[in-house]
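Each step along the sequence shown adds one to the number in our numbering, with nothing skipped, and position 96 is 1518.
Think of the CB as a built atom: it goes at the ideal place given N, C-alpha and C, for glycine as much as any other residue.
None of these values were measured; they are calculated from a predicted model.
Data block below; observations after.
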Amino acid sequence: MVAIIVATHGKSAPELIKSAEMIFGSQENIDAVTFEPGENTDNLLEKYNQKLESLNTEDGVLFMVDLFGGSPYNAAAMIAAKNSNMDIVTGVNIPMLLETFGSRSFSNLEELVNTAKNAGLEGIKSLKETLSQYVEEEL
């Protein structure tokens, strides 16, 4: 099973995991990394490397981070760029985590990346647009 590291600015990474597990159920081979004020890329690299030592990375690693180009992304990119069985998806959110959790048991890293990207995009909705679609379908 592909290992997952969720990383964000501040303390939202562990809370995103907790929230998704509240809906989906407990997950194995997943961990969170926080990027706190006063820390730098070296601190993040150290945290990532500690997590990688404790996770089963045999099937690959998916970093799910909050922001493209942010420090959690940049540090993960330094690691993932050197490893063919690692990738990063940005914009981590609960719908993305839920779909990824649901696909982990039968998906490889590349498939999980696509699942995460699609779920992240499809999880973004507007009430007004959604209501107008229902009205059009009824006509």
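ask   = Per DSSP, which one or two residues make a beta bridge with Phe1446?
value = Its beta-bridge partners do not exist; DSSP assigns none.
ask   = If you drop the 5 nearest sequence neighbours on each side, which residues of the same chain put their C-beta closer than 8 Å to that of Lys1473?
value = Taken in chain order, the residues that qualify are Ile1427, Asp1453, Val1455.
request  = Give a yes or no on whether the C-beta atoms belonging to Gly1513 and Phe1446 are separated by under 8 Å.
outcome  = Not in contact: Gly1513 and Phe1446 (Cβ atoms no closer than 8 Å).
message = My output table needs one value for Phe1457: the three-state DSSP class, helix, strand or coil.
response = In the three-state DSSP reduction, Phe1457 falls in the strand class (E or B).
request  = Return the first residue and the last residue of the beta strand (DSSP E) that Phe1523 is part of.
outcome  = Where Phe1523 is concerned, there is no enclosing beta strand (DSSP E), although the alpha helix (DSSP H) it sits in stretches over 1516-1525.
Limits of the beta strand (DSSP E) - the one that Ile1426 falls within = First-last of the beta strand (DSSP E) with Ile1426: 1425-1431.
inquiry  = Under 8 Å, with one C-beta from each stretch per pair, do the segment 1489-1508 and the segment 1458-1468 reach the 3-pair mark?
reply    = In short, these stretches touch, since the Cβ pair count reaches three.
inquiry  = Could you tell me the alpha carbon to alpha carbon distance between Val1535 and Glu1443, rounded to whole angstroms?
reply    = Cα-Cα distance, rounded: 19 Å.
ask   = How is Asp1464 classed by DSSP in three states: helix, strand or coil?
value = Looking at Asp1464 - three-state DSSP - the assignment turns out to be helix.
ask   = To the nearest angstrom, how far is it from the Cα of Gly1545 to the Cα of Leu1520?
value = Approximately 10 Å between the Cα atoms of the pair.
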